[in-house]
Amino acid sequence: MIERLRNVFQHETQSGDLYECRDCGTTLDHSVRRCPSCRSDEIACYEL
2 MIERLRNVFQ
12 HETQSGDLYE
22 CRDCGTTLDH
32 SVRRCPSCRS
42 DEIACYEL
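Written out as structure tokens, the structure reads:
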């Protein structure tokens, strides 16, 4: 759990938005259209 939180906060964009795959939870860059881990195109954007 702690490791996942570290990964989330390390991958924040400068605007404070967080992009995450809705299927597997992988944290993504804002320019990614498809998750490289599970190939899903269900990407969530969270404003922090």
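Heads up: the sequence shown begins at 2 in the working numbering, then just goes up one per residue. Backbone N, C-alpha and C define an ideal beta-carbon position, used for all residues, glycine too.
Local conformation of residue i per DSSP, three classes
i: Thr14; result: Because Thr14 sits at a pLDDT of 46, beneath the cut-off of 50, its placement in the model cannot be relied upon, and the following sentence gives the value as read from the coordinates. Thr14: coil per DSSP, three-state reduction.
i: Glu4; result: helix
i: Leu49; result: coil
i: Thr27; result: coil
Within 8 angstroms, strictly: CB atoms of residue i and residue j
i: Ser41; j: Arg35; result: yes
i: Ser38; j: Thr28; result: no
Sequence-distant residues of the same chain with beta carbon closer than 8 angstroms to residue i, five excluded per side
i: Arg23; result: Ser41, Glu43, Ile44 and Ala45
i: Leu49; result: Glu13, Gly17, Asp18 and Leu19
Residue i CB to nearest heavy atom of the ligand MG below 7 angstroms
i: Arg34; result: The ligand MG is not among the ligands present in this structure, which contains no ligands whatsoever.
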